[in-house]
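For what it's worth, our numbering labels the leading residue of the sequence shown as -14, then goes sequentially.
Worksheet: one structure, shown below.
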Amino acid sequence: MKIHKDPWKTRPVVACVGTFMNAWSRWMDFHLQRLKHFCPTYVKDTDQILKEVQAIDDLPPNAFLFTADADAMYDNIETEHAIEIISAWLDELSTHPDFPDKFPLGAPSDDCGTNTAAS
């Protein structure tokens, strides 16, 4: 996911254009995008990072800032592990007062966004 682009360009977990898996991936991506602000490691953009780093008062003068870019992550995620982690995260989030009511079935009806596999 290129978070420094505006708007974000996301890709479904499974890119099988025109198949049920493509529609399922788009649906899942659409609804999980609605929860990204609950993730404590979510970074909106470069400006957010700069503001947070500039707000650090006790940063030593010889400190270095390093960044890294994740590449081809989907190929390396084990499906069963991902399902366990996402399920546990959703269970934990479901008690948060701002968690969407009846998520995801209570979500507004639409076409779940555009075809992200082609972007």
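For each residue, glycine too, the CB sits at the ideal point set by N, CA and C.
query, result
"Whole-angstrom distance between Glu65 and Asn7, CA atom to CA atom", "19 Å"
"Contact set for Ser79: own chain, Cβ-Cβ below 8 Å, skip 5 residues either direction", "Phe88"
"Sub-8 Å separation of Lys36 and Tyr27 beta-carbons", "no"
"Best match in Arg11, Trp12, Phe23, Gln18 for proximity to Pro82 [C-alpha to C-alpha]", "Phe23"
"Start-end ranges of the alpha helix (DSSP H) lying completely within the stretch 22 to 73, minimum 4 residues", "31 to 39"
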